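Mature numbering (1 follows the signal peptide of the UniProt record, and there is no 0) puts the sequence shown at residues -15 to -1, 1 to 660.
Single-structure report; data block below.
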Amino acid sequence: LGLALCTSSLCAVSGATFLYHDYCVIGAGPAGLQAAYFLQRAGRDYIVFERSHAPGSFFALYPRHRKLISINKQYTGKSNSEFNLRHDWNSLLSHDRRLLFRRYSRDFFPNADTMVRYLEDFASLLKLRVQYNAAIIHVTLEKNEQAWNGHYFLLTDQDRKNYKCSSLLVAAGMWVPNVVNFPGSEYVEGYETVSINPEDFTGQTVLILGRGNSAFETAENILGVTNFIHMVSRSRVRLSWATHYVGDLRAINNGLLDTYQLKSLDGLLEGDLEDLAIVKDKKGKLHITLRFYLENRNISTGIDSITLPQDELDNFATRAPYDRVIRCLGWKFDFSIYNRSLRMMPGKGNIKKYPQIKPSYESRGTRGLFVLGTASHSVDFRKSAGGFIHGFRYTTRAVHRLLENRHHGVPWPSTVYPITQLTNSIIKRVNEASGLYQMFGVLADIILLRENATAFEYLEEYPIGVLAELEMQAGRKARNGLFVIIMEYGRNFSGADKDVFYYNRAVGEAQHAWQSNFLHPVIYYYKHLPTEREMRLHPPDWPLPRPNAIHHIVEDFLTDWTAPNAHILPLRRFLENCLGTDLRNFFAESCFLFAFTHQKLPPSCQQGYVRMQGLLGSQELRQHAVQAGLLQDYTHTDFPGDRPPDSHHGSQEHLMRDHGIPLRPLQHLVKAKDE
């Protein structure tokens, strides 16, 4: 027919048969299942391909010593489920409360086998459409002008079955071990296969290549049975409490730092692994030397003919021979299955193990191909939590919302509020939102102002990297200015060389909020949506371009930003200065007087009192206001709460009644609830 018409059915193209779906997801790990959940809830046509017989196959093997480093906090003192997700780093997002990870384990650092069981239940209880034992071995493109993105994605599995989809979501994770090749690297054991039985290392001397959590996890397991352990890596050790990056060394694994600094034989060394060489002697011992010593020699001739560093420097650090050398260098993305037509290219520098993607998580080389989960971490590498479950569960939801708008005309979810609720809305979100908290500096709440600032539209957890494209990506208009709410650490508080425990490390006064070090909310105000050029040229230490105004809510020891004077009042005044309006809430008496003394009423009077809306008065409320000095004591005046609430006409009559106001300046009577 010239065109292949595909509607979730079989398609015949060039003699091959393709099973069509709108969305194909590669990988049934946490990110793939999270994407499947959102697609299923939206009623979309999708399929998930998993090479193993069950979801979460990575966790069936890793971490090798079975203890996860993602926290599982059972108690927070609060019942707010959104807030509690801030301290639950394992649960995926769903409507089913049975699928909270704390129902599967009470351990603060759970066992990896529990994660496997959790993911199996997540897929089965939610009836996600996962095709197991389907390893995708080749992905290519087929040009077609009628396709969503101008092409279809063609997938082939290990059984030569073919699939076709309009949008491809890659959630295959990072599972190819990083390997460094140097002379003698054949003597190195990999983290993925090395024994996890400590008895196999009894009385041995061990060298570990690498300095991440897998390296320290391996060292922790054998620390008590080895002669000594040396660890060598290109960079210095980075402690997560200093860098505020959860992918750096966690305290649960850092026992070797104690034995190193307390001089109990173990030690850390820095050096480029590609400059090393390993020579094996007749007794099976492994000697460390440098590559340039072997440039003109054959390593197979034996150690006696090879110059070792200690021959020239008799106190060379690694002069003692080792029984075993273990490689713990992490993983990288598998690029091998993607045809050149997809232009799936590795990143550069320290993100070369990840595919190149945009801040929208879409491939830089191919429209319609999105990378989810750990492999998408290049967007926020060493900055936020996008490479971990408690981060990418939110970025996966963000990608789904972008796709809903692009392909199905469903704009980014939003809620419209009157401007009087602006302060309350911000305070509510910064105190409970988990996505803002976990993906600090990456996801932001966006407040779009309506004309004349009488109302606003609230969008949650939008990727700030594509802020300039908000109108196109989210399907919402930003014509009257906007606020951007994100969470940030202090500018100079994070780093491997930072002392994060110095004496005056915290700020407590609102006037010094801009100097806050710990995670705290920051509100950016823009009169116009930033342009793409402004986004590209923003200051290197800033997540966004310079705004027209900025406000830091002072850091709080309890991460509870509800203090009336320290948190709420400065925020409200900042918002009022940006909008040129009064955001206080007034009692009816004050609004009544404003109507006679001002040309323009405050928004709370316009949207409440004038429309005969607001708080229904009572004798107790009046007495409380009088005692607080907010109202005069008109004891001889009737109050609406003293009459039956069935007379609307009576309420109107009462509003116009003479309240016996004494002859004194009217301004004295204008009182705000929160002054």
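Just so you know, even glycine gets a beta-carbon here, dropped at the ideal spot from N, CA and C.
All values reported here derive from a predicted model rather than from experimental measurement.
Who are the near neighbours of residue i in its chain, counting only those whose CB is closer than 6 Å to its CB and skipping five residues on each side?
| i | result |
| --- | --- |
| Ser479 | Thr228 and His229 |
| Gly420 | Tyr379, Leu428 and Glu446 |
| Thr381 | Ala16, Gln19, Ala20 and Leu357 |
| Ser218 | Gly195 and Arg196 |
| Glu177 | Pro162 |
Cα separation between residue i and residue j?
| i | j | result |
| --- | --- | --- |
| Thr516 | Arg378 | 28 Å |
| Ile236 | Asp482 | In the sequence as presented, Ile is not what sits at residue 236; that position holds Ala. Straight-line Cα distance between these residues: approximately 16 Å. |
| Ile207 | Tyr245 | 15 Å |
| Tyr487 | Trp546 | 24 Å |
| Leu357 | Met424 | 14 Å |
| residue 673 | Arg596 | Residue 673 lies beyond the residue range present for the chain, which begins at -15 and ends at 660; the question has no answer from this structure. |
| Phe277 | Asp260 | 8 Å |
| Leu234 | Ile54 | 10 Å |
| residue 672 | Gly593 | Because the chain here runs from -15 to 660, residue 672 falls outside it and cannot be looked at. |
| Leu70 | Leu111 | 20 Å |
| Pro40 | Pro48 | 16 Å |
| Val451 | Asn182 | 48 Å |
| Pro306 | His50 | 26 Å |
| Ala27 | Ser249 | 58 Å |
| Pro403 | Leu529 | 27 Å |
| Leu271 | Asn300 | 18 Å |
| Gln25 | Arg391 | 17 Å |
| Ile342 | Asp365 | 11 Å |
| Glu493 | Ser199 | Reading off the sequence shown, one finds Gly at residue 493, where the question assumed Glu. Taking the straight line joining both Cα atoms gives about 38 Å. |
| Asn57 | Glu35 | 27 Å |
| Lys268 | Val164 | 26 Å |
| Arg312 | Ser345 | 34 Å |
| Leu568 | Asn550 | 16 Å |
| Leu254 | Met159 | 27 Å |
| Ala463 | Val310 | 58 Å |
| Phe201 | Arg490 | 29 Å |
| Phe138 | Val124 | 7 Å |
| Gln458 | Phe94 | 38 Å |
| Val264 | Glu184 | 25 Å |
Which same chain residues, not among the five before or five after residue i, have their C-beta less than 8 Å away from its C-beta?
| i | result |
| --- | --- |
| Val161 | Trp316, Lys317, Phe318 and Asp319 |
| His552 | Ile412, Ala495, Ile538, Val539, Asp541 and Trp546 |
| Cys590 | Phe571, Ser575, Cys576, Phe579 and Ala580 |
| Glu105 | Ala39, Pro40 and Gly41 |
| Asp349 | Here residue 349 is Arg; the residue named in the question, Asp, does not match the sequence. Excluding positions up to five away in sequence, the list reads Arg328, Met330, Gln341, Ile342 and Lys343. |
What are the boundary residues of the alpha helix (DSSP H) that residue i is part of?
| i | result |
| --- | --- |
| Ile411 | Leu407 to Glu417 |
| Arg382 | Ile374 to His393 |
| Leu455 | Leu455 to Ala459 |
| Tyr22 | Pro15 to Arg26 |
| His609 | Gln604 to Gln612 |
| Phe43 | Ser42 to Leu46 |
Tell me residue i's beta-bridge partners as DSSP assigns them.
| i | result |
| --- | --- |
| Lys317 | Val161 |
| Leu154 | Val10 and Phe355 |
| His583 | Paired residues: none, contrary to the question. |
| Asp299 | Bridge partners of Asp299: none, in fact. |
| Thr400 | Tyr443 |
| Thr203 | None; Thr203 has no bridge partner. |
| Glu174 | Ile311 |
| Asn57 | Asp73 |
| Ser348 | Ile342 |
Starting from residue i, trace the beta strand (DSSP E) in both directions and tell me its first and last residue.
| i | result |
| --- | --- |
| Asp142 | His136 to Asp142 |
| Thr125 | Ile121 to Lys128 |
| Asp365 | Unbroken run through Asp365: none, as it is neither H nor E. |
| Asp430 | Leu428 to Leu434 |
| Met472 | Leu467 to Glu473 |
| Leu194 | Thr190 to Leu194 |
| Tyr31 | Tyr31 to Phe34 |
| Arg309 | Arg309 to Arg312 |
Consider the Cβ of residue i: report whether some Cβ of chain D lies at a distance smaller than 8 Å.
| i | result |
| --- | --- |
| Lys128 | Structure shown: chain D not included; a single protein chain is present. |
Excluding sequence positions up to five away, which residues of its chain have a Cβ less than 7 Å from the Cβ of residue i?
| i | result |
| --- | --- |
| Asp7 | Arg29, Asp30, Tyr31, Cys150, Ser151 and Ser152 |
| Asn434 | The residue you asked about is not Asn; residue 434 is Leu in the sequence shown. Taken in chain order, the residues that qualify are Phe441, Asn465, Gly466 and Leu467. |
| Trp133 | Ser151, Ser152, Gly353 and His392 |
| His136 | Leu126, Glu127, Lys128 and Asn129 |
| Tyr422 | Arg71 and Met472 |
| Val395 | Glu389 |
**OP:** Within the region 208 to 287, note down every full alpha helix (DSSP H) run reaching 4 residues or more, in order along the chain.
**Re:** As far as the region 208 to 287 is concerned, its whole alpha helix (DSSP H) runs of at least 4 residues are 225 to 228 and 240 to 246.
Original post:
Which full runs of the beta strand (DSSP E) of 3+ residues lie inside the region 483 to 563, going along the chain?
Top reply: Look at the region 483 to 563 and you find these whole runs of beta strand (DSSP E), each 3 residues long or longer: 505 to 511 and 534 to 537.
Original post:
Can you list the alpha helix (DSSP H) stretches of 4 or more residues lying completely in the region 62 to 125, in chain order?
Top reply: As far as the region 62 to 125 is concerned, its whole alpha helix (DSSP H) runs of at least 4 residues are 66 to 69 and 97 to 110.
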